[in-house]
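S.K.: First residue of the sequence shown: 359, per the numbering used here; consecutive thereafter. This structure is in structure tokens; I'll ask about it shortly.
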Amino acid sequence: MGLFSALIGNAGEMDQDEAYEELSTILGNGEAIELAYKLVRDMIVLTNRRLILIDKQGLTGKKIEYRSVPYKSVTMFTVETTGHFDLDAELKIWVSSQSEPLSFEFSGKTNIYTLQALLAEKVAG
């Protein structure tokens, strides 16, 4: 499945200031964070230019993989909202160079509609 397949847990919304502090060294000039989510140590970030997937590896988390996905490479995505018995929301993103989607689970407290609306705007725009 890819980047976050070994992790257990659900992503939740992250403070944009905290996200900017962690990503300031890799953001381009004029690039702004629009939404950020944290999953244990890893992050999912939507900027005005791209989707950034951060995978902190090892026991200390000092080794970090930054995966940058241009919005034009997203071919399709699905959002599954929470239900009565399923308290987690799910996002799947298909990227043109991969056969399997990137898959993420979000806590029921996360406003998945905000994420879906921004992603739709970026992919369709």
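Quick reminder that beta carbons are idealized off the backbone N, C-alpha and C, glycines included.
Can the beta-carbon of S454 be found closer than 8 Å to that of S431?
M.R.: yes
S.K.: Less than 8 Å between the CB atoms is what I'm expecting for L449 and L393, so what's the real figure, rounded?
M.R.: Their Cβ separation, rounded to whole angstroms, is 12 Å, which puts L449 and L393 out of contact at 8 Å.
S.K.: With C-beta atoms as the reference, is T436 less than 8 Å away from E371?
M.R.: Not a contact, by the Cβ cut-off of 8 Å.
S.K.: Tell me M434's beta-bridge partners as DSSP assigns them.
M.R.: W452
S.K.: When the Cα of D375 is compared with those of N387, Y395, G386, which residue comes out closest?
M.R.: Y395
S.K.: Going by DSSP in three states, I384 sits in which element: helix, strand or coil?
M.R.: coil
S.K.: For E423 and G416, I'd like the C-alpha separation in whole angstroms.
M.R.: 11 Å
S.K.: Taking a contact to mean a Cβ-Cβ separation below 8 Å, would you say E470 touches A447 in this structure?
M.R.: Correcting the residue type first, residue 470 is Ile in the shown sequence and not Glu. Cβ atoms of I470 and A447: closer than 8 Å.
S.K.: Is it buried or exposed, A482, if we count other Cβ atoms within 10 angstroms and call 16 or more buried?
M.R.: exposed
S.K.: Could you check what DSSP says for V481 in three-state terms: helix, strand or coil?
M.R.: helix
S.K.: Look up D375 in the DSSP assignment and say whether it is helix, strand or coil.
M.R.: helix
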